[in-house]
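Engineer: Quick one: this structure, given as structure tokens, is what I'll be asking you about.
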Amino acid sequence: MKRWFGRQRQRHVAAGLLALLAASPLAAQDEEWAGDWDDDPWGEEASAFSWYGFVEGAGAWRTRSNPAIGDDMTLEELRLQLEGEYRADWGTVSVKADGVADGVEGEFTGEVREAMVNFSPAERLDVRLGRQVLTWGTGDLLFLNDLFPKDWQSFLAGRDDDYLKAPSDAARFSWYGEAINLDVVVTPHFEPDRYVDGSRLSYYDPARGTVVGAPPALAADAPSRTVDNAELALRLYGLAGAQEWALYAYRGFFGQPTAFDPERGVATFARLNSLGVSLRGPFKGGIYHLETAWYDSADDRDGNDPDVPNGELRLLVGYERKMATSFTVGTQYYLEWLQHYDDYATSHPFAADARRDELRHLVTLRLSYRMLRDNLVLGVMNFYSPSDEDAFLRPTVTWRYSDNLQFNAGANLFTGQRDSTFYGQFEANSNVFLRARYSF
Amino acid sequence: MNLSRLFRHLCAARHALLTGGGALALALITGSAQAQAPDVTEIVERANQASFYAGNDGRSEARMRIIDGSGREQVRQFTLLRRNGEAGRQRYLVAFSRPTDVRGTVFLVYKNPGADDDRWLYLPGLDLVRRIAPGDKRTSFVGSHVFYEDVSGRHLEDDTHELIETTAEHYVVKSTPKNPGSVEFAEFTTWIDRDTWLPMRSEYARDRRVYRRMTIQEVQQIDGYPTGTRMLMEDLDSGGHTLVEFRFSAYDLGIPESVFTERSLRNPPRQWLER
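Chains as they are written, first to last, in numbering that gives the first Met the number 0: chain S, 0 to 439; chain D, 0 to 274.
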């Protein structure tokens with residue numbers, strides 16, 4: 000199967016993209032309204048059930064050969080997404096599911112991205128039950144208090160930004176007061192990040208001291224499904240004048256498999272408790288954000304267990320402003336401060352140059368320019384760490400050809416002085432991507 | 000506080016002043032003709048009220064047909080909720096239903112006259128509430144030829160206004176920006192209906208040439224308020240235009256302030272959005 004895909008896939012992706020291009024004039028005709036507005040079905044009552052979807056062809060090509068992974072593409076797929084929504088008197092039911100012909104993995108896969116009911120049992124209470132995407136916090140592609148699952152593998156391999164967030168099977172209760180609101184999210188079974196496992200992207204393995212790829216794919220052991228291992232996330236927030244404030248608390252696990260079980264010899268997820276604060280509001284003609292989080296690594300509070308990650312203090316400051324018509328600049332400074340660093344350094348079992356620094360500094364710069372009434376958007380997001388001496392550059396172009404057809408092109412470019420740093424390890428995964436999406 | 004009612008009281012008081020004893024004194028000084036024509040400040044204030052502040056609150060469904068210079072068409076469909084506050088403040092909630100890729104996107108705007116607006120955007124795919132940096136309001140509103148400023152109104156104090164003509168139907172007002180570097184036009188001329196106070200046409204000019212034109216093509220009386228229900232915005236440089244049609248408009252519904260909060264971004268208020 001894999002081989003068949005290997006031979007056929009270049010042609011398939013190309014054919015898929017061409018088919019989408021060819022479909023666009025037809026689609027434009029379909030969408031044309033019957034000359035007179037008054038004949039339009041707009042006047043009719045909206046039906047309770049509605050459905051939508053898209054077909055997307057996507058490819059991402061490595062910019063250099065990867066010694067750990069033979070495949071020269073990080074992404075090669077044709078994706079169909081269908082979404083249905085039913086509006087009842089008591090609430091809304093929605094389902095969103097993807098089917099994917101995946102050339103990199105050589106398989107057909109499916110995933111339910113959303114399956115939830117949304118209702119308001121009391122005047123001030125909204126409840127959302129089921130599979131859902133969850134987001135909060137103020138960072139731009141940096142997450143401190145948002146400990147909901149991310150799909151870094153999708154994002155870094157070239158998929159749409161929406162796929163950076165992985166869904167959780169959770170219950171979210173939102174209570175709205177006069178000045179204070181409360182969100183409570185319970186995820187009965189811990190949902191880890193979709194971490195880089197070597198299948199599409201290679202990563203640095205500290206035990207082997209080198210960048211590795213699949214096979215074997217990194218398979219971490221998730222915590223057992225007990226009540227005690229459920230995730231609980233809280234956010235207390237409000238708007239004071241124009242300033243948004245929020246307090247966060249979390250009890251669960253680190254999203255990445257950064258712990259190790261020496262008895263069984265597998266990667267695991269360490270316990271994590273977290274507390275945090277954020278502020279966001281207008282400042283000097285732009286928007287600032289400020290966020291901090293304290294990570295308590297509950298299984299290694301002294302920081303001397305090499306198999307469990309240390310606690311951290313994280314800090315983020317950002318500012319965004321429109322600098323000229325349609326031109327926006329956003330910048331952030333981000334700090335990770337590893338707690339109990341001396342204990343960490345002493346107990347670190349691997350090569351000294353693979354050790355983390357006590358302080359990891361990171362700056363980001365985002366530029367975006369909107370043209371042709373927002374139909375063409377040029378952007379670049381740059382991450383640079385002076386302490387790790389690595390960087391991640393992400394230029395993107397979005398072209399909205401019509402209401403149905405959109406093209407995205409861009410690149411994920413990594414560079415670094417060392418293999419062990421966050422962006423440095425991905426250097427050989429640098430890729431250029433192209434996507435075409437037909438929505439209906 | 001019922002702002003529009005207060006405003007009408009003020010106008011009435013002013014009118015009484017002008018037509019009553021005050022008018023006599025004024026007429027002695029300025030001549031009787033001017034006592035009957037309102038001054039330009041009153042005209043632009045009343046036009047602003049009629050366009051953007053009708054009722055205490057309002058709801059409308061809108062659809063845009065966007066045609067670019069090469070004839071390609073795009074569509075936007077949304078429901079707009081608005082609530083007036085004190086001192087000209089307003090809150091807007093705009094929930095998109097078409098096309099597919101923007102469906103579920105919701106805008107929340109707190110309009111603060113004399114200061115930057117507060118704006119939020121909800122992206123449903125990421126469950127993300129984004130705060131939008133204030134900035135140039137003379138940029139495309141969701142891909143159309145309509146600007147943000149055309150939706151929520153341009154601050155009257157940003158321009159110098161001059162009544163250049165009074166016809167049988169219209170007051171014709173020329174407005175010149177106080178800070179010409181902040182806008183793309185050199186001046187704009189507005190034809191304001193003398194009965195309804197609605198600006199029926201606005202023409203934006205630079206280099207003594209009109210390059211952008213707004214026309215209200217249809218007006219309906221809704222809940223006692225004259226309402227522009229069909230509007231055309233033309234970009235004469237590119238040849239593109241956007242036709243906006245409003246339907247199912249209603250005023251004074253009693254939409255509570257709590258509708259205009261983050262809750263409505265994540266969970267759009269169907270009670271007010273659905274007709």
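A virtual CB, placed ideally from N, CA and C, is assigned to each residue, including glycine.
1) Report all residues from its chain with a CB closer than 7 Å to the CB of S/Phe-259; omit the five preceding and five following residues, and keep chain order.
2) From D/Arg-208 to D/Glu-186, what does the alpha carbon distance come to, in whole angstroms?
3) Tell me which residues share the same chain as S/Glu-190 and place their Cβ nearer than 6 Å to its Cβ, disregarding the 5 neighbours each side in the sequence.
4) Starting from the N-terminal side, write out each stretch of the alpha helix (DSSP H) that is 4 residues or longer and does not extend beyond the stretch 134-203 of chain D.
5) Are there 16 or more other CB atoms within 10 angstroms of the CB of S/Trp-135, so buried, or fewer, so exposed?
6) Please list, in chain order, all residues of the same chain as D/Thr-78 whose beta carbon is under 6 Å from its beta carbon, the five residues on each side excluded.
7) Figure out for me which residue from S/Arg-78, S/Val-195, S/Asn-228, S/Thr-330 has the closest Cα to the Cα of S/Ser-153.
8) Checking 8 Å against the spacing of the C-beta atoms, do D/Met-230 and D/Gln-216 come in under that value?
9) How should S/Thr-324 be labelled, buried or exposed, when 16 other C-beta atoms within 10 angstroms of its C-beta is the threshold for buried?
10) Could you check the C-alpha separation between S/Tyr-368 and D/Tyr-91 for me, to the nearest Å?
11) Nearest chain D C-beta to S/Leu-25 closer than 8 Å, yes or no?
12) What does a CB cutoff of less than 6 Å around S/Ala-248 pick up in its chain, not counting 5 residues either side in sequence?
13) According to DSSP, what are the bridge partners of D/Met-230?
14) Rounded to whole angstroms, what's the CA-CA distance from S/Phe-252 to S/Phe-425? Just pull it up for me.
15) Alpha carbon to alpha carbon, how far is S/Val-362 from D/Asp-194?
16) Curious, which full-length alpha helix (DSSP H) runs of at least 4 residues does the stretch 323-349 of chain S contain?
17) Taking the alpha-carbon positions, what's the S/Leu-289 to S/Thr-420 distance?
18) Got a sec, what are the start and stop residues for the beta strand (DSSP E) D/Arg-265 sits in?
19) Can you grab the Cα-Cα spacing for the pair D/Glu-256 / D/Gly-84, in whole Å?
20) Hey, D/Ser-248 and D/Gly-57: beta-carbon distance below 8 Å or not?
21) With C-beta atoms as the reference, is S/Lys-146 less than 8 Å away from S/Thr-291?
22) Which class does S/Leu-163 belong to by DSSP, given the choice of helix, strand or coil?
23) On the DSSP letters alone, give me the boundaries of the beta strand (DSSP E) that D/Ile-42 sits inside.
24) Check the Cβ-Cβ distances between S/Asp-35 and every residue of chain D, and say whether any is below 8 Å.
25) As an exercise, report each continuous alpha helix (DSSP H) stretch of at least 4 residues that is fully enclosed by the stretch 48-133 of chain S, in chain order.
26) Please list, in chain order, all residues of the same chain as S/Ala-241 whose beta carbon is under 6 Å from its beta carbon, the five residues on each side excluded.
27) Tell me the DSSP secondary structure of S/Gly-275 in three-state form.
28) Of all the options S/Asn-303, S/Gly-208, S/Lys-164, which has the alpha carbon lying nearest to the alpha carbon of S/Leu-337?
29) Name the chain S residues that come within less than 7 Å of D/Thr-138, Cβ to Cβ?
30) Can you tell which of D/Leu-162, D/Asp-158, D/Arg-97, D/Asn-178 has the C-alpha that lies nearest to the C-alpha of D/Asp-38?
31) Take S/Arg-112 as the anchor and find which of S/Leu-79, S/Leu-124, S/Glu-106 has the nearest alpha-carbon.
32) Taking only beta-carbon atoms, is D/Pro-98 less than 8 Å away from chain S?
33) Per the contact definition of three or more C-beta pairs closer than 8 Å, is the stretch 199-210 of chain S in contact with the stretch 64-75 of chain S?
34) Alpha carbon to alpha carbon, how far is S/Gly-138 from D/Pro-133? Give it in angstroms, no decimals.
35) Kindly indicate if chain A contains any beta-carbon less than 8 Å away from that of S/Phe-439.
36) Alpha carbon to alpha carbon, what distance is there between D/Leu-197 and D/Ala-53?
Structural biologist: Here's the rundown:
1) Indexing the first sequence from 1 puts residue 259 of chain S at position 260. Within the same chain, S/Phe-259 has close Cβ partners Ala-266, Thr-267, Asp-306.
2) In the second sequence, counting from the first residue as 1, residue 208 of chain D sits at position 209. In the second sequence, counting from the first residue as 1, residue 186 of chain D sits at position 187. If you take the alpha carbons of D/Arg-208 and D/Glu-186, they lie about 10 Å apart.
3) Reading the first sequence from its first residue, position 191 is the one you call residue 190 of chain S. So the qualifying residues of the chain are Pro-148, Ser-167.
4) 147-151
5) Taking the first residue of the first sequence as 1, we reach residue 135 of chain S at position 136. Flag for S/Trp-135 reads buried.
6) Within the second sequence, the letter at position 79 stands for residue 78 of chain D. The residues are Glu-60, Ala-94, Leu-272.
7) Working through the first sequence from its first residue, we reach residue 153 of chain S at position 154. When each option's Cα is compared against that of S/Ser-153, the closest is S/Val-195.
8) Residue numbering aside, residue 230 of chain D sits at position 231 when the second sequence is read from its first letter. Residue numbering aside, residue 216 of chain D sits at position 217 when the second sequence is read from its first letter. Cβ atoms of D/Met-230 and D/Gln-216: closer than 8 Å.
9) For this step, residue 324 of chain S is matched to residue 325 along the first sequence. S/Thr-324 is exposed by the Cβ-count criterion.
10) Against the first sequence, residue 368 of chain S aligns to sequence position 369. Against the second sequence, residue 91 of chain D aligns to sequence position 92. The alpha-carbon atoms of S/Tyr-368 and D/Tyr-91 are separated by roughly 26 Å.
11) Looking up residue 25 of chain S in the first sequence gives position 26. With a pLDDT of 43 at S/Leu-25, under the threshold of 50, the modelled position of that residue is not reliable, and the figure given next carries that caveat. Chain D, which has no Cβ nearer than 8 Å to the Cβ of S/Leu-25, makes this no.
12) One-based indexing of the first sequence puts residue 248 of chain S at position 249. Closer than 6 Å at Cβ, skipping near neighbours: Leu-233, Leu-274.
13) As a position in the second sequence, residue 230 of chain D is number 231, starting the count at 1. Paired residue(s): D/Ile-215, D/Val-243.
14) Sequence index remark: in the first sequence, residue 252 of chain S carries index 253 (1-based). Sequence index remark: in the first sequence, residue 425 of chain S carries index 426 (1-based). Distance between the alpha carbons of S/Phe-252 and S/Phe-425: 24 Å.
15) Counting from one through the first sequence, the residue named residue 362 of chain S turns up at place 363. Counting from one through the second sequence, the residue named residue 194 of chain D turns up at place 195. Roughly 58 Å between the two C-alpha positions.
16) 340-346
17) Counted from its first residue, the first sequence places residue 289 of chain S at position 290. Counted from its first residue, the first sequence places residue 420 of chain S at position 421. C-alpha separation (whole angstroms): 25 Å.
18) Counted from its first residue, the second sequence places residue 265 of chain D at position 266. That residue, D/Arg-265, is in no beta strand (DSSP E); its alpha helix (DSSP H) goes 261-265.
19) Against the second sequence, residue 256 of chain D aligns to sequence position 257. Against the second sequence, residue 84 of chain D aligns to sequence position 85. So the alpha carbons of these two residues sit roughly 9 Å apart.
20) Sequence index remark: in the second sequence, residue 248 of chain D carries index 249 (1-based). Sequence index remark: in the second sequence, residue 57 of chain D carries index 58 (1-based). Yes, they are a contact pair.
21) As a working note, residue 146 of chain S is residue 147 in the first sequence. As a working note, residue 291 of chain S is residue 292 in the first sequence. Reading the sequence as shown, one finds Leu at residue 146 of chain S and not Lys. Cβ distance not < 8 Å, so S/Leu-146 and S/Thr-291 don't count as in contact.
22) Within the first sequence, numbered from 1, the residue matching residue 163 of chain S stands at position 164. Of the three classes helix, strand and coil, the one that applies to S/Leu-163 here is helix, per DSSP.
23) To locate residue 42 of chain D, count along the second sequence from 1; it is residue 43. Element bounds for D/Ile-42: not the beta strand (DSSP E) but the alpha helix (DSSP H), 39-51.
24) Residue numbering aside, residue 35 of chain S sits at position 36 when the first sequence is read from its first letter. With a pLDDT of 46 at S/Asp-35, under the threshold of 50, the predicted position of this residue should be treated as unreliable, and no value is reported.
25) none
26) The residue labelled residue 241 of chain S in the question sits at position 242 within the first sequence. Within the same chain, S/Ala-241 has close Cβ partners Gly-280, Pro-281.
27) On the first sequence, residue 275 of chain S is found 276 positions in, with the first residue counted as 1. Strand.
28) Locating residue 337 of chain S in the first sequence gives position 338, counting from the first residue. For S/Leu-337, the nearest C-alpha among the options comes from S/Asn-303.
29) Mapped onto the second sequence, residue 138 of chain D falls at position 139. Those within 7 Å of D/Thr-138 in chain S are Thr-324, Ser-325.
30) As a position in the second sequence, residue 38 of chain D is number 39, starting the count at 1. Closest by alpha carbon: D/Leu-162.
31) As a position in the first sequence, residue 112 of chain S is number 113, starting the count at 1. The shortest Cα separation from S/Arg-112 among S/Leu-79, S/Leu-124, S/Glu-106 belongs to S/Leu-79.
32) For this step, residue 98 of chain D is matched to residue 99 along the second sequence. So yes, D/Pro-98 belongs to the interface.
33) yes
34) Here residue 133 of chain D corresponds to residue number 134 of the second sequence, with the count starting at 1. Here residue 138 of chain S corresponds to residue number 139 of the first sequence, with the count starting at 1. Using only the alpha carbons, I get a separation of about 18 Å.
35) Here the protein chains are S and D, and chain A is not one of them.
36) As a position in the second sequence, residue 53 of chain D is number 54, starting the count at 1. As a position in the second sequence, residue 197 of chain D is number 198, starting the count at 1. D/Ala-53 and D/Leu-197: Cα-Cα distance of roughly 11 Å.
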